Amino acid sequence: MSFDTIIEMRELARYYEMGGVTIKALDGVDLEIGRGEYVSIVGPSGSGKTTLFNMIGGLDKPTNGRVYIDGVDISKLDAYELAWLRCRKIGYIFQTFNLIQVLTAVENVALPTVFAGVPRDEGLETAEKLLASVGLGERTHHRPTELSAGQQQRVAIARAMANDPAIILADEPTGNLDLNTGMEIIDLLHGLNKTRGMTLIAATHDLKMIKASDRIVWMRDGRVERIERG
Amino acid sequence: MGLSEASGRIKFTLGDAFRLGYDYIKRRFNRTIINMASISLSIAFLSTLLLTDAFYRAYALAGGERLGVETYQYWLMFVALAVSVVGITNAMLIAVYERYREIGTMKCIGALDRHILLLFLVEAFVQGAIGGVAGFLLGVLGALLSAGFTTGFGIVAMVPATEYLLFLGGSTILSIVLSMTATVYPAFRAARLNPVEALSYEL
Chain B
1 MSFDTIIEMR ELARYYEMGG VTIKALDGVD LEIGRGEYVS IVGPSGSGKT TLFNMIGGLD
61 KPTNGRVYID GVDISKLDAY ELAWLRCRKI GYIFQTFNLI QVLTAVENVA LPTVFAGVPR
121 DEGLETAEKL LASVGLGERT HHRPTELSAG QQQRVAIARA MANDPAIILA DEPTGNLDLN
181 TGMEIIDLLH GLNKTRGMTL IAATHDLKMI KASDRIVWMR DGRVERIERG
Chain A
231 MGLSEASGRI KFTLGDAFRL GYDYIKRRFN RTIINMASIS LSIAFLSTLL LTDAFYRAYA
291 LAGGERLGVE TYQYWLMFVA LAVSVVGITN AMLIAVYERY REIGTMKCIG ALDRHILLLF
351 LVEAFVQGAI GGVAGFLLGV LGALLSAGFT TGFGIVAMVP ATEYLLFLGG STILSIVLSM
411 TATVYPAFRA ARLNPVEALS YEL
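Quick note, the sequences are listed as chains B and A, same order.
Anchor point for the first sequence: position 109 equals 109 in the numbering used here, and the numbering is continuous, going up by one each time.
Adding 230 to a residue's 1-based position in the second sequence gives its number in the numbering used here.
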């Protein structure tokens with residue numbers, strides 16, 4: 001299968017100074033990710049996976065190198081444009097779900113549409129549909145504390161899709177879930193990738209998640225160690 | 231897709247901020263109550279003094295003895311207001327720490343620094359407004375208890391309604407200003423949080 005490129009990283013590096021020592025979180029990463037591709041990023045903790053995610057989302061600035069999304073060098077974007085990018089083009093899924101505790105499931109899912117300027121009713125309607133599509137149509141008005149871990153992650157997935165982004169960044173999405181629930185989440189993400197054509201990039205240790213992906217990027221010490229076809 | 235899409239603008243209106251702020255106030259009601267108590271007690275102190283003086287004036291107009299509020303009591307009032315400001319700053323800083331991850335998450339889904347700032351200031355506004363009204367009502371009670379035994383409790387009807395409204399408006403505005411002033415520093419800290427650090431923060 002071939003994909004046209006949606007994300008391109010060139011000589012990407014991120015160094016931190018910590019107590020006089022330079023830590024190379026990323027040390028020259030060259031990587032292209034295709035539109036609609038499902039890529040797993042695998043590596044020991046500290047290998048630079050999260051830093052790589054932060055770079056793609058424009059949450060962190062590279063020390064060297066460039067990230068292009070749809071051909072746009074995101075280091076050239078201002079704060080507004082970066083916020084727009086994160087809001088409309090990228091959906092985040094976290095290991096710890098990170099739902100807003102004071103909001104109900106449907107309000108959590110609708111939150112990205114608020115920032116996108118979608119009228120409230122329309123946003124809530126979209127959120128209801130998305131919750132139904134992740135199998136939570138019956139629990140739209142529950143708060144995160146009233147939902148199981150797996151259900152919370154489903155809400156988080158629905159939230160990530162709220163503005164129909166081109167890219168989903170999932171950082172250890174099954175890391176806090178038991179085996180069966182993790183499987184369900186993997187199937188759900190994989191299904192979204194296939195049916196909606198969303199580019200899915202997942203940092204993971206989960207073998208089942210790795211197996212489902214189109215490509216596997218192995219990272220070590222801030223570099224791409226090797227790339228495998230799934 | 232492409233660059234043209236990146237030129238769109240993020241929106242977060244005052245109405246959105248109020249709606250979300252309301253949810254935070256409602257769901258974290260205990261903290262809100264503590265903040266509102268802090269501000270309303272100091273406003274109650276202020277209102278008690280001012281209304282006591284108003285009662286004494288009305289009493290003098292009706293032919294009674296001209297009584298006054300002691301200067302040192304006004305000084306105590308300023309101390310009370312300052313203490314409540316510091317208390318609110320402290321409580322709001324804790325609220326910021328509690329919401330580290332949520333602030334990071336909001337920035338991930340499109341929030342700008344000023345939206346986070348707005349959210350905290352809206353909460354401070356609501357706390358201040360409610361605390362101000364509550365403080366005024368407590369102040370009426372306090373002034374009656376402090377002056378009523380000398381002037382008679384009927385004095386409450388001898389102060390013109392416009393004066394009450396003036397005191398109510400004044401103490402509510404002061405309360406809002408104090409609450410928002412106390413929240414400026416915590417709100418700025420929240421707004422300037424680096425999302426990368428905020429998301430990796432373990433409470």
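Glycine included, every Cβ here is placed at the ideal spot set by N, Cα and C.
Remember, predicted model here, so these are calculated numbers, not experimental data.
- With a 10 Å radius around the Cβ and a threshold of 16 neighbouring Cβ atoms, residue 18 of chain B comes out exposed.
- Between residue 359 of chain A and residue 406 of chain A, the CB-CB gap stays under 8 Å.
- Residue 292 of chain A sits in coil when the DSSP states are folded into three classes, being neither helix nor strand.
- Contacts with chain B at 8 Å (Cβ-Cβ) do not include residue 383 of chain A.
- In the structure shown, residue 172 of chain B falls within a coil segment according to DSSP collapsed to helix, strand and coil.
- Take the alpha-carbon of residue 148 of chain B and the one of residue 188 of chain B: they are about 16 Å apart.
- Excluding its 5 nearest sequence neighbours in each direction, residue 52 of chain B has C-beta neighbours in its own chain below 7 Å: 26, 29 and 41, listed in chain order.
- The beta-carbon distance between residue 158 of chain B and residue 109 of chain B, rounded to whole angstroms, is 5 Å. This is short enough to meet the 8 Å contact definition.
- In the displayed model, residue 353 of chain A falls within a helix according to three-state DSSP.
- The closest CA to that of residue 22 of chain B, considering only B/222, B/143 and B/228, is found on B/222.
- Against chain A, a Cβ distance below 8 Å from residue 139 of chain B picks out nothing, because the smallest value is about 18 Å.
- Looking from the CA of residue 288 of chain A, the closest CA among A/428, A/384 and A/274 belongs to A/384.
- For residue 54 of chain B, the chain A residues whose Cβ falls inside 7 Å of its Cβ are 426, in order along the chain.
- Look at residue 162 of chain B here: in three-state DSSP terms it is coil, with no helix or strand label.
- Interface criterion not met: the Cβ of residue 176 of chain B is under 8 Å from no Cβ in chain A.
- For the stretch 172-201 of chain B, no residue has a beta-carbon sitting nearer than 7 Å to a beta-carbon of chain A.
- Short of 6 Å from the beta carbon of residue 82 of chain B, and not among the five residues preceding or following it, lie these beta carbons of its own chain, in chain order: 58.
- Neighbourhood of residue 353 of chain A in chain B, by CB distance below 8 Å: empty, with the nearest CB roughly 11 Å away.
- Exclusion of the five residues before and after residue 284 of chain A leaves 389 and 393 as the residues of its chain whose Cβ lies within less than 7 Å of its Cβ.
- Fully contained in the stretch 23-68 of chain B are the following alpha helix (DSSP H) runs of length 4 or more, in chain order: 49-56.
- If you look at residue 16 of chain B, you'll find it in the beta strand (DSSP E) that goes 5-18.
- Residue 64 of chain B is outside the set of residues whose beta carbon lies under 8 Å from a beta carbon in chain A.
- Out of A/260, A/321, A/275 and A/425, the CA that lies nearest to the CA of residue 375 of chain A is found in A/275.
- Counting along the chain, residue 386 of chain A sits inside no beta strand (DSSP E), nor does DSSP assign it H or E at all.
- When 8 Å is used as the limit between beta carbons, residue 254 of chain A is near these residues of chain B: 102, in chain order.
- Contacts with chain B (Cβ-Cβ distance below 9 Å) from the stretch 401-423 of chain A involve no residue at all.
- Between residue 335 of chain A and chain B, the shortest Cβ-Cβ separation is below 8 Å.
- 8 Å or more divides the Cβ of residue 227 of chain B from the Cβ of residue 210 of chain B.
- By the C-beta density criterion, residue 313 of chain A is exposed, having fewer than 16 other C-beta atoms within 10 angstroms.
- Taking the C-beta atoms as reference points, residue 419 of chain A is found no nearer than 8 Å to residue 316 of chain A.
- Looking at the backbone, the Cα of residue 345 of chain A and that of residue 115 of chain B are separated by about 10 Å.
- For the set A/294, A/292 and A/299, the Cα lying nearest the Cα of residue 280 of chain A is the one of A/299.
- Excluding five sequence positions before and after residue 366 of chain A, the CB atoms of its chain that fall closer than 8 Å to its own CB belong to 273, 274, 277, 397, 398, 401 and 402, given in chain order.
- Under the 8 Å criterion on CB atoms, residue 332 of chain A is classed as interfacial with respect to chain B.
- The C-alpha of residue 24 of chain B is placed about 5 Å away from the C-alpha of residue 15 of chain B.
- In the three-state DSSP reduction, residue 187 of chain B falls in the helix class (H, G or I).
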